[in-house]
Every structure is written in C-alpha cells, then in structure tokens.
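*Asks:* Starting off with a structure, shown below.
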Amino acid sequence: MSPDLHFILFLLLRMAIAAAFVVSASVITERSGPAIGALVATLPVSAGPSYVFLAIDHDAAFIAQGALSSLPINAATIVMGLTYVVLAQRHSMAVSCCSAFAVWIAIASVIRLFDWTLAAGLAANFIAFGICIPLLSGYRHVKMPLVTRRWYDIPMRAALVATLVAIVVSTSSWVGARISGIIALYPVVFSSIMLILHPRIGGPPTAAVLANSAWGLLGFGMAIAVMHVAVERFGSPVGLFLALATCVMWNLTLWWNGRRAQRIEA
Numbered sequence: 001m002s003p004d005l006h007f008i009l010f011l012l013l014r015m016a017i018a019a020a021f022v023v024s025a026s027v028i029t030e031r032s033g034p035a036i037g038a039l040v041a042t043l044p045v046s047a048g049p050s051y052v053f054l055a056i057d058h059d060a061a062f063i064a065q066g067a068l069s070s071l072p073i074n075a076a077t078i079v080m081g082l083t084y085v086v087l088a089q090r091h092s093m094a095v096s097c098c099s100a101f102a103v104w105i106a107i108a109s110v111i112r113l114f115d116w117t118l119a120a121g122l123a124a125n126f127i128a129f130g131i132c133i134p135l136l137s138g139y140r141h142v143k144m145p146l147v148t149r150r151w152y153d154i155p156m157r158a159a160l161v162a163t164l165v166a167i168v169v170s171t172s173s174w175v176g177a178r179i180s181g182i183i184a185l186y187p188v189v190f191s192s193i194m195l196i197l198h199p200r201i202g203g204p205p206t207a208a209v210l211a212n213s214a215w216g217l218l219g220f221g222m223a224i225a226v227m228h229v230a231v232e233r234f235g236s237p238v239g240l241f242l243a244l245a246t247c248v249m250w251n252l253t254l255w256w257n258g259r260r261a262q263r264i265e266a
C-alpha cells in the first residue's frame, strides 16, 4: 500500500470514528430535553476525537501546547453562545447564527496572536463564564416542543465533525500546536444545534439548550486545563483520560445536583 493511500484510509477511519461519537451524542440530546441534552452537548464529542488523533501523530509537548490555545477558545465559545441566545429571542436564524459565528471567529483571531499560559487561559475562562452564566440564567427554562428528526440531521452533524477532524489531522504538522488547538475547539456541537433546531422549534427553545450548556462548558474548560498539566507530567494517554474523566464527573455532578433540586422543589 502506498503511503498516500495509507494516509487517506487512516484519515477516513478517523473521520468515521469521530462522526460516530457526535451522532450518538446527538441522538441522546434529542431524546433527553434541554437540561440533560446540554450536559451531553458539552462532553468532548468533537474536540476529544480531534485530540486523540493529534496525540497519535504528535508528541506530548505538542498536545500540551495545543491545550493552552484551546483553553481561551473555550471562553470564546461561551461568548458565542451568549450572543446566539440573546439574538435568537427576537431574530431569525440567519442573523442569530451569523452573529454568533462572527463573534467566535473574531475572538479566536485575537487569541491566536498571543502565547497563552495556563494562568492566563484560566483567567479568561473565569472572567467570561463569570459574566455569561448570570446573563444566560434567565433563558434556561423554556418548554421544549416535540422535535421530529429529518433525514439530513444526523448526516449533517456527522459531516461537520468529520470535516473538523480531517482539517485538524491533515493540517496540524504545518500550522503548529497553537492553531491546531484553536481549530480542535471549534464548537461543532453548538453549531449543529443552532442550525438544526432553530428553524424547526424556534429561537427561544433552541437558545434554552445552549443556555443550559453554560455550566457544562465551564467543566469542559477545566478538563482542558487538566489535560495540559497531566500531559506534561504523565504523557498524552494519561492526560487525555484524565481530561475525559474530569468532563464526565463534572457533568454527572451537575446532573445529580439538578435532580436533587427538583426533588426539593417537589
């Protein structure tokens, strides 16, 4: 087998694996309502496979450096979410989504200009989430109408995440760790939620899913920080595992606290 054919086949396999992750998460999200769906949406279903495949191709130093760029990008994602949530209450999908995407691209463009440290990345997250979470709290509780899946929903989500993985894997060697870390954190799941649900159920219910994602996304940011530290000390496999464990435990804690609050109110 020629090296080029081997690369193409291996890339297609990676894309298929990543697509399978996001499709599974999407089905769970649709069937569980905005609160649980938001927690599933903030699991690393797109960034996780991207980083796993980066770890296959690059050493631990590359992964650790990429995580430093990914950390402030997580803050950009919550600002993007807030932009969409506010605009979606009164405006069309085109206005809401395009504005949200423009905000993310603008912030990411600024982030790539700097060499980030762990402390600076954490500070960016705490400031962004400290501002955005209170502002999003008023948009969380919206009755979700029945969602009927269309034939193109899952293929579109799979195509989005597969394309992201293909870009990250195929360009990482020449764009470097910093840009790879930024690209890996592009909010594929948030984008698919906005593009698929908004025209079907309206802006406010779709915005409720993203508003409920704020606390889960905060935990995702902490998982990135854990990955950076753990990869530097213990290597990529251990670092990636600890990052995933951090995400899962954080979201399970949020779910348990939500259930307990419901029992108290009842």
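266 is the number that UniProt numbering gives the last residue of the sequence shown; the numbers go up by one with no jumps. Yeah, the Cβ is synthetic: ideal placement off N, Cα and C, and Gly gets one too.
Between G235 and the rest of its own chain, which residues show a CB-CB distance below 6 Å, the 5 nearest in sequence each way excluded?
*Replies:* The residue given as residue 235 occupies position 235 in the sequence shown. Excluding residues within five positions, the ones whose Cβ falls inside 6 Å are A60.
*Asks:* Near A64, what residues of its chain come up, given a Cβ to Cβ distance below 7 Å and the 5 sequence neighbours on each side ignored?
*Replies:* Stepping through the sequence shown from its first residue, residue 64 is reached at position 64. Here the set comprises H228, V231 and E232.
*Asks:* Measure the beta-carbon distance from V79 to A128 and round it to whole angstroms, keeping in mind my assumption that it falls under 8 Å.
*Replies:* Indexing the sequence shown from 1 puts residue 79 at position 79. Indexing the sequence shown from 1 puts residue 128 at position 128. 6 Å between Cβ atoms; contact.
*Asks:* Contact check, L217 vs T42 under 8 Å by CB: the rounded distance?
*Replies:* Taking the first residue of the sequence shown as 1, we reach residue 217 at position 217. Taking the first residue of the sequence shown as 1, we reach residue 42 at position 42. Correct: roughly 5 Å between the Cβ atoms.
*Asks:* Mind checking whether S191 and G66 have CB atoms under 8 Å apart?
*Replies:* Counting from 1 along the sequence shown, the entry for residue 191 is found at position 191. Counting from 1 along the sequence shown, the entry for residue 66 is found at position 66. No, these two residues do not count as a Cβ contact at 8 Å.
*Asks:* In chain order, what residues of the same chain have a beta carbon less than 8 Å from the beta carbon of V95, not counting five sequence neighbours either side?
*Replies:* Taking the sequence shown and counting its residues from 1, one reaches residue 95 at position 95. So the qualifying residues of the chain are L87.
*Asks:* Suppose the cutoff is 8 Å on Cβ atoms and the five residues either side in sequence are ignored; what does the same chain contact list for P3 look like?
*Replies:* Residue 3 sits at position 3 when you count from the first residue of the sequence shown. Because the pLDDT of P3 is 43, which lies under 50, any placement of that residue in the model is unreliable, and the question is left without a value.
*Asks:* Any beta carbon from chain B within less than 8 Å of T246's own beta carbon?
*Replies:* Going by chain labels, chain B is absent from the structure shown, which holds only one protein chain.
*Asks:* Quick check on the burial criterion: 16 or more other C-beta atoms within 10 angstroms. Buried or exposed for S50?
*Replies:* Within the sequence shown, the letter at position 50 stands for residue 50. Burial call: buried.
*Asks:* So what does DSSP say about L254, is it helix, strand or coil?
*Replies:* Here residue 254 refers to the residue found at position 254 when the sequence shown is read from its first residue. L254 sits in a helix when the DSSP states are folded into three classes.
*Asks:* T90 and I182 look like a contact to me (Cβ under 8 Å); what is the Cβ gap, rounded to whole Å?
*Replies:* Within the sequence shown, residue 90 is the residue found at index 90, counting from 1. Within the sequence shown, residue 182 is the residue found at index 182, counting from 1. According to the sequence shown, residue 90 is Arg rather than Thr. Contact flag wrong, Cβ pair sits at about 31 Å.
*Asks:* What does the alpha-carbon distance come out to for the pair P155 and S46?
*Replies:* The sequence position of residue 155 within the sequence shown is 155, counting from 1. The sequence position of residue 46 within the sequence shown is 46, counting from 1. Between P155 and S46, the C-alpha separation is close to 15 Å.
*Asks:* Let me check understanding here. Comparing Cα to Cα, which of A211, G221, R263 and W250 lies closest to L122?
*Replies:* Indexing the sequence shown from 1 puts residue 122 at position 122. Per the Cα distances, G221.
*Asks:* Taking C-beta to C-beta, are S99 and T83 nearer than 8 Å?
*Replies:* Counted from its first residue, the sequence shown places residue 99 at position 99. Counted from its first residue, the sequence shown places residue 83 at position 83. Closer than 8 Å, so yes.
*Asks:* Less than 8 Å between the C-beta atoms of A75 and A124, yes or no?
*Replies:* Here residue 75 refers to the residue found at position 75 of the sequence shown. Here residue 124 refers to the residue found at position 124 of the sequence shown. Taking 8 Å as the cut-off, the beta carbon of A75 is found closer than this to the beta carbon of A124.
*Asks:* Roughly how many whole angstroms lie between the Cα atoms of V209 and T117?
*Replies:* Position 209 of the sequence shown, counted from the first residue, corresponds to residue 209. Position 117 of the sequence shown, counted from the first residue, corresponds to residue 117. Near 31 Å, if we compare the C-alpha coordinates of T117 and V209.
*Asks:* Note down, in chain order, each residue of its chain lying with its Cβ closer than 8 Å to the Cβ of H6, except the 5 sequence neighbours on either side.
*Replies:* The count along the sequence shown starts at 1 and reaches residue 6 at position 6. Because the pLDDT of H6 is 43, which lies under 50, any placement of that residue in the model is unreliable, and the number read from its coordinates should be weighed accordingly. For H6, where only same-chain residues beyond five positions count, there are no Cβ hits under 8 Å.
*Asks:* Which residues in the same chain as residue 269 place their Cβ atom closer than 8 Å to its Cβ, once the five residues preceding and following it in sequence are excluded?
*Replies:* Missing from the structure shown is residue 269; the chain here goes from 1 to 266 and no further.
*Asks:* Taking buried to mean at least 16 other C-beta atoms within 10 Å of its own C-beta, is G138 buried or exposed?
*Replies:* As a position in the sequence shown, residue 138 is number 138, starting the count at 1. Exposed, because fewer than 16 other Cβ atoms sit within 10 Å of the Cβ of G138.
*Asks:* List in chain order: all unbroken alpha helix (DSSP H) runs of 4+ residues lying wholly within the region 60-126.
*Replies:* 60-88 and 93-111
*Asks:* Go ahead and pull the three-state DSSP assignment for R140.
*Replies:* Residue 140 sits at position 140 when you count from the first residue of the sequence shown. Note: R140 maps to coil in three-state DSSP.
*Asks:* Quick one: Cα of S173 to Cα of H58, how far?
*Replies:* Here residue 173 refers to the residue found at position 173 of the sequence shown. Here residue 58 refers to the residue found at position 58 of the sequence shown. If you take the alpha carbons of S173 and H58, they lie about 8 Å apart.
*Asks:* Does R263 come out as helix, strand or coil in the three-state DSSP assignment?
*Replies:* Taking the sequence shown and counting its residues from 1, one reaches residue 263 at position 263. Reduced to three states, the DSSP call for R263 is helix.
*Asks:* Threshold first: 4 residues or longer. Then list the alpha helix (DSSP H) segments lying entirely within the region 171-223, N to C.
*Replies:* Whole alpha helix (DSSP H) segments, 4+ residues: 188-201 and 203-212.
*Asks:* Would you grab the beta carbon distance between C132 and A214 for me? Rounded to a whole angstrom, and I think it's under 8 Å.
*Replies:* Your numbering for residue 132 matches position 132 in the sequence shown. Your numbering for residue 214 matches position 214 in the sequence shown. Rounded, the Cβ-Cβ distance is 6 Å, consistent with contact.
*Asks:* A184 and S70 look like a contact to me (Cβ under 8 Å); what is the Cβ gap, rounded to whole Å?
*Replies:* If you number the sequence shown from 1, residue 184 lands on position 184. If you number the sequence shown from 1, residue 70 lands on position 70. Indeed they touch by this definition, with Cβ atoms about 6 Å apart.
*Asks:* Consult DSSP for A229 and reduce its assignment to one of helix, strand or coil.
*Replies:* Mapped onto the sequence shown, residue 229 falls at position 229. Note on residue identity: the sequence assigns Val, not Ala, to residue 229. Three-state DSSP puts V229 in a helix.
*Asks:* What do you get for W256, buried or exposed, if any count of 16 or more other CB atoms within 10 angstroms of its CB means buried?
*Replies:* Locating residue 256 in the sequence shown gives position 256, where the first residue counts as 1. Result: exposed.
*Asks:* Mind checking which residues open and close the alpha helix (DSSP H) that includes P45?
*Replies:* Position 45 of the sequence shown, counting from 1, holds the residue named residue 45. Note on residue identity: the sequence assigns Val, not Pro, to residue 45. Element bounds for V45: n/a, residue is neither H nor E.
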